[in-house]
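Under this note's numbering, think of the first position of the sequence shown as 12, with each following residue one higher. Comments concern the structure below.
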Amino acid sequence: MSGRADSDLSPDTRADDADDADDADADDVGQGDVGHGDDVGQGDDAEDAGHGEHDEDDEHDDDTPHRARRARWAAVGTGAVLALAGAAAALLRLTGSVPALVPAAYACGAGACALAAVLGSRGRTRRALWLLIAGLMVMALGDQFD
12 MSGRADSDLS PDTRADDADD ADDADADDVG QGDVGHGDDV GQGDDAEDAG HGEHDEDDEH
72 DDDTPHRARR ARWAAVGTGA VLALAGAAAA LLRLTGSVPA LVPAAYACGA GACALAAVLG
132 SRGRTRRALW LLIAGLMVMA LGDQFD
């Protein structure tokens, strides 16, 4: 046995537990106590309720593709918006009287965000996130040179 809660019991253990449970139920019913007979049915409901919790976990597993799709679309959308904003800022700064490093930093940051959008659309959301952060930091660094 691996020690995990969800590990299966060996066949020998299952047979012993089933026999013990049947003996215990027979003893309870045999005592003639009305309350114990009702408890036998409730034990089955308790086991079914435990299986119901496992079904909820299966529902969360079904949600995983939706979460992944949502993460991809978030990476694509954020990357596209930041790339457009960086390109617009680079063009606006290019027309002004600022050092050439400023529009170059905005353009490089916009390129990094555009690449992050492409990576996000291909499912590389973790890399896309880090590239978005790097692109935004490059744009912020370029703004400091202004």
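The beta carbon of each residue, even a glycine, is placed where N, CA and C say it ideally should be.
Coil, strand or helix - residue i by DSSP
i: Q90; result: Note that residue 90 is Gly in the sequence shown, not Gln. Correct three-state label for G90: helix.
i: S132; result: helix
i: G107; result: coil
i: D74; result: helix
i: D154; result: helix
Straight-line Cα distance separating residue j from residue i
i: G153; j: G88; result: 23 angstroms
i: R80; j: V109; result: 41 angstroms
i: G63; j: R78; result: Bear in mind that a pLDDT of 49 at G63, under 50, signals an unreliable position, so the number given afterwards is only what the model happens to contain. So the alpha carbons of these two residues sit roughly 23 angstroms apart.
i: Q155; j: S132; result: 31 angstroms
Classification of residue i by the beta-carbon crowding that lies within 10 angstroms, buried from 16 upward
i: D59; result: Low confidence applies here, because D59 scores a pLDDT of 49, under 50, leaving its location unreliable; read the following figure in that light. By the neighbour-count rule (16 or more Cβ atoms within 10 Å), D59 is not buried but exposed.
i: G107; result: exposed
i: T75; result: exposed
i: A125; result: buried
Beta-carbon spacing of residue i, residue j below 9 angstroms
i: A123; j: G146; result: yes
i: L143; j: L93; result: yes
i: A86; j: L130; result: yes
i: A121; j: M148; result: no
7 angstroms Cβ shell around residue i - same chain, five flanking residues per side excluded
i: R104; result: V113, P114, Y117
i: A127; result: A86, G90, A139, L142, L143, G146
i: G134; result: R83
i: C119; result: V149
Sequence-distant residues of the same chain with beta carbon closer than 6 angstroms to residue i, five excluded per side
i: D50; result: Note that D50 has pLDDT 49, beneath the 50 cutoff, so the model's placement of it is unreliable and no number is given.
i: A98; result: A121
i: D157; result: V109, V113
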